[in-house]
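Chains as they are written, first to last, in the numbering used here: chain W, 1 to 310; chain H, 1001 to 1368.
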Amino acid sequence: MQPVISITNFSKSFGKNIAVKNLSLDVEKGELFGLIGPDGAGKTTTIRTLVTLISPDSGELSVSGLNVSKSVREIRSITGYMPQRFSLYPDLSVSQNLNFFANLFEVPKKEMAERRKRLFKFSKLEPFSERLAGQLSGGMKQKLALSCTLIHNPVVLILDEPTTGVDPVSRSEFWEILQELKKEGVTILVSTPYMDEALLCDRIAIMHEGSLLALGRPEKITGLMHNHIYKITGHNLVLQSNRIAQIPGIISVQSFGDSLHLTFPPGFSSEDIRLKLYDLLGQQLNIERIAPSLEDVFIGLIEGKIGHGN
Amino acid sequence: MKLRRIISIIIKEYTHIFRDWRSLLIIILMPVLMIILYGYAITLDMKNLTFAVIDDAKTPESRELIRGFTENRFFVLKYTDIKRNEIESLFKKRAVQMALVIPEDFSESLISNRITKVQLIVDAADSNIGTFINNYSNRVAQLFNEKLNRRSPGILGLEPRILYNPDMKSANFFVPGLVALILLLICSLLTSITITREKETGTLEQILVSPVHPIEIVVGKVVPYITLGFFNGIIIIVFARLLFKVPINGSLSLIAILSLIYIFVALSFGLMISAVAKTQQIAMLATLMATVLPTIMLSGFIFPIASMPLPLQYISKVVPATYFLIIIRGIMLKGIGLAELWQHAAALSGIGLFMLSIATIRFKTTLE
């Protein structure tokens, strides 16, 4: 079956800045696809090109089989796009915003009531329908923006960092809504800098400085890591991380809150490491081997310490 | 072009306008303030010009001549009995604009000689004032001749009949011009920030990914502001009438209809800038520069177009106020109608449609 979103050898520069280079990926129908990476990875450029707001320098991009350079208006009418910044009218009420976008997309008048009801059901915004959009909380704003994006029943939903700057509870609510939409058959492309959200996607693409580092199911990507990760916890460990990094054979030290993640190649045992740490710091530490998280993989990928792969 | 989309944009713009009542208040009060400021500041009426007299004759005839200057509101006699060498320093200090020197034998000469000479010294640093004093003094001399100097043969007497502005009040000339200036400025400012504001807040990005066409956005944004601009026009004309007693000799409804065309031109101009400019600040600055200066300098607002160098005369033909000034002065002062004005109205409509097309063409539906 033809992929809903298809990107082949896409490159885009702004002046001397290379935003995306040679990106290729496909999103299948009904998939929840995550574009993961830090700021400046090229996520927004890729997304804006897909929704026809900017044009590619080279490469082929298509949405639902329509070329982004040729079928601008067709793509715009079947796609729902939610920009990174809150882009609704703060001085219009929830209802007024919804109606405005319904009219722009020419949603049939007869279907309006039914669609509003459906959107209100998941957004739970009905009690606030007369409130001005500017006076909603961050989480509610995002839900309203999503509702306006969905008012014309798009077949593809493209979201640019929808949960950045939103509180954790609203974030998980938002992802529940995305899962609901996926069940209804909507193809979703979502970008996020949060690794925990990446785990909720069917497949992810990890981007860094305009390039694709890894592509696949989240579990598969964590499996890329053949090095071993050891988590150590103890008092004031973070301050010691520079000294720990001197241990012969160690690949990297990353701090995660109070604990440190040490990466070693296969062949070291927990006991070896415990002894080495005791020699170095003179204290007994709690040490356990853990499965690599996406964050470990991501850092490994960026530092080039694990092989690129698919 | 879909009517439904245009109507929804119109409704949205009206909602913006009325929700933001502070801006609305400024939009309504600004023209009032401007017409008061400009209306009282810009005047070419000569009043209270000061002058000095050296009357060496001191006869009833010489006093009669001096009275010819002082018996109206134009001249104020400030210095008498000064020495001749003091005159120059008075001029340098700008204490007087004119000095009159009456010779000792003034009265005798009137009786015995064919020509009697009286010296008149005029400060023409401001050429308008110089010309005015010169003309007025000639008139005083002429009246003096008719009254006292019976022996002088008065052969030719011009009997002027002054049309359209018989009191020669400069307000009657300027205030209609102010209507043109203020209406253009306010209306183009209104629309110049309307698209750039959406660029800045990011809302444009969300609209652009809908199937909306630029012409729908442009038309949807012009319509609400036409009503606002028209309301402003009414306020300006009412104040012009109340404060400056400017006559309205022609048809009020014709003024209304042709003002609507002019407002449309101004709004289209603002939209044209808005479509190109990236920020509200740039848009506002560009609008101010592009409306105020050409309107004041090149439209015939103060300086007659006919006396400009030829290249400037051509430029004045694309300044919308050039046409509207002819229209509004024509209707208000001369009371003329569409029969005389249709060409100017057509030119205005042409300029407006041209600008609206440019706004639509230059309006990008991408972010690049």
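Just so you know, even glycine gets a beta-carbon here, dropped at the ideal spot from N, CA and C. No experiment lies behind these values; they were computed from the predicted model shown.
For residue i, the residue or residues it bridges with in DSSP
{"i": "leucine 1161 of chain H", "result": "The sequence as given places arginine at residue 1161 of chain H; leucine does not occur at that position. Answer by DSSP bridge pairing: none, since arginine 1161 of chain H is not bridged."}
{"i": "serine 255 of chain W", "result": "W/Leu260"}
{"i": "phenylalanine 1269 of chain H", "result": "None, per the DSSP bridge assignment."}
{"i": "arginine 203 of chain W", "result": "W/Phe33"}
{"i": "histidine 1016 of chain H", "result": "Answer is none; histidine 1016 of chain H lacks a bridge partner."}
{"i": "alanine 1052 of chain H", "result": "H/Tyr1079 and H/Ala1099"}
{"i": "tyrosine 230 of chain W", "result": "W/Leu262 and W/Arg289"}
{"i": "glycine 216 of chain W", "result": "W/Ile204"}
{"i": "serine 6 of chain W", "result": "W/Asp26 and W/Ser62"}
Under 8 Å by beta carbon: chain H residues contacting residue i
{"i": "asparagine 242 of chain W", "result": "Those do not exist, as asparagine 242 of chain W stays about 43 Å from chain H at its closest Cβ, beyond 8 Å."}
{"i": "aspartate 91 of chain W", "result": "Thr1015, His1016, Arg1019 and Asp1020"}
{"i": "threonine 163 of chain W", "result": "Going along chain H, no residue has its Cβ under 8 Å from threonine 163 of chain W, so there is no contact; the nearest lies around 17 Å."}
{"i": "arginine 73 of chain W", "result": "Pro1211"}
Proximal residues of chain W, C-beta to C-beta of residue i below 8 Å
{"i": "arginine 1005 of chain H", "result": "Asn103, Leu104 and Glu106"}
{"i": "lysine 1012 of chain H", "result": "Tyr89, Leu92, Gln96 and Phe100"}
{"i": "serine 1008 of chain H", "result": "Asn99, Phe100, Asn103 and Leu104"}
Helix, strand or coil at residue i according to DSSP, with G and I counted as helix
{"i": "aspartate 57 of chain W", "result": "coil"}
{"i": "alanine 1321 of chain H", "result": "helix"}
{"i": "valine 1222 of chain H", "result": "helix"}
{"i": "arginine 48 of chain W", "result": "helix"}
{"i": "glycine 1229 of chain H", "result": "helix"}
{"i": "arginine 85 of chain W", "result": "coil"}
{"i": "isoleucine 290 of chain W", "result": "strand"}
{"i": "isoleucine 1006 of chain H", "result": "helix"}
{"i": "leucine 125 of chain W", "result": "coil"}
{"i": "serine 13 of chain W", "result": "strand"}
{"i": "glutamine 1119 of chain H", "result": "strand"}
{"i": "isoleucine 158 of chain W", "result": "strand"}
{"i": "isoleucine 1263 of chain H", "result": "helix"}
{"i": "aspartate 1105 of chain H", "result": "coil"}
{"i": "lysine 21 of chain W", "result": "strand"}
{"i": "threonine 192 of chain W", "result": "strand"}
{"i": "asparagine 67 of chain W", "result": "strand"}
{"i": "serine 62 of chain W", "result": "strand"}
{"i": "threonine 1279 of chain H", "result": "coil"}
Proximity to residue i [Cα-Cα], best of the options
{"i": "threonine 1287 of chain H", "options": "H/Ser1349, H/Met1297 and H/Gly1270", "result": "H/Gly1270"}
{"i": "proline 1166 of chain H", "options": "H/Leu1333, H/Arg1362 and H/Ile1351", "result": "H/Leu1333"}
{"i": "alanine 1346 of chain H", "options": "H/Leu1143, H/Val1218, H/Phe1324 and H/Ser1109", "result": "H/Phe1324"}
{"i": "leucine 1353 of chain H", "options": "H/Thr1279, H/Leu1267, H/Met1308 and H/Ile1327", "result": "H/Leu1267"}
{"i": "glutamine 246 of chain W", "options": "W/Thr263, W/Gly234 and W/Gly257", "result": "W/Thr263"}
{"i": "serine 58 of chain W", "options": "W/Glu126, W/Ile18, W/Asp258 and W/Ser259", "result": "W/Ile18"}
{"i": "isoleucine 1193 of chain H", "options": "H/Met1272, H/Pro1160 and H/Lys1147", "result": "H/Met1272"}
{"i": "threonine 49 of chain W", "options": "W/Val169, W/Leu189 and W/Pro127", "result": "W/Leu189"}
{"i": "glutamate 1198 of chain H", "options": "H/Gly1177, H/Leu1367 and H/Phe1230", "result": "H/Leu1367"}
{"i": "valine 4 of chain W", "options": "W/Met140, W/Lys12, W/Thr46 and W/Ser62", "result": "W/Ser62"}
{"i": "valine 1238 of chain H", "options": "H/Thr1227, H/Leu1252 and H/Ser1357", "result": "H/Leu1252"}
Residue i: contacting residues in chain H (beta-carbon distance under 9 Å)
{"i": "isoleucine 54 of chain W", "result": "Thr1366, Leu1367 and Glu1368"}
{"i": "arginine 76 of chain W", "result": "Leu1208, Val1209, Ser1210, Pro1211, Val1212 and Thr1365"}
{"i": "threonine 79 of chain W", "result": "Val1209"}
{"i": "valine 156 of chain W", "result": "Those within 9 Å of valine 156 of chain W in chain H number zero; the least Cβ separation is about 12 Å."}
Buried/exposed call for residue i, threshold 16 Cβ in 10 Å
{"i": "tyrosine 313 of chain W", "result": "The structure shown does not extend to residue 313 of chain W, since chain W spans only 1 to 310, so no value can be given for it."}
{"i": "tryptophan 1342 of chain H", "result": "exposed"}
{"i": "tryptophan 175 of chain W", "result": "buried"}
{"i": "threonine 149 of chain W", "result": "buried"}
{"i": "methionine 1 of chain W", "result": "exposed"}
{"i": "methionine 1289 of chain H", "result": "exposed"}
{"i": "leucine 286 of chain W", "result": "The sequence as given places asparagine at residue 286 of chain W; leucine does not occur at that position. Exposed, because fewer than 16 other Cβ atoms sit within 10 Å of the Cβ of asparagine 286 of chain W."}
{"i": "tyrosine 1225 of chain H", "result": "buried"}
{"i": "tyrosine 278 of chain W", "result": "exposed"}
{"i": "aspartate 160 of chain W", "result": "buried"}
{"i": "tyrosine 1314 of chain H", "result": "exposed"}
{"i": "glycine 34 of chain W", "result": "buried"}
{"i": "serine 255 of chain W", "result": "exposed"}
{"i": "histidine 228 of chain W", "result": "buried"}
{"i": "histidine 235 of chain W", "result": "exposed"}
{"i": "lysine 318 of chain W", "result": "No answer is possible for residue 318 of chain W: it lies beyond the span of chain W, which begins at 1 and ends at 310."}
{"i": "arginine 243 of chain W", "result": "exposed"}
{"i": "histidine 308 of chain W", "result": "Residue placement at histidine 308 of chain W is poorly supported in this model, since its pLDDT is 42, which falls under 50; the coordinates still yield a value, given next. Result: exposed."}
Any chain A beta carbon closer than 7 Å to residue i
{"i": "valine 27 of chain W", "result": "The structure shown contains no chain A; the protein chains it does contain are W and H."}
Amino acids of chain H, ordered along the chain, whose beta-carbon sits closer than 7 Å to that of residue i
{"i": "proline 83 of chain W", "result": "Gly1202, Glu1205 and Gln1206"}
{"i": "arginine 48 of chain W", "result": "Leu1367"}
{"i": "valine 317 of chain W", "result": "Residue 317 of chain W lies beyond the stretch modelled for chain W, which goes from 1 to 310, so this question has no answer here."}
Under 7 Å from the C-beta of residue i: neighbouring residues of chain W
{"i": "lysine 1002 of chain H", "result": "Glu106"}
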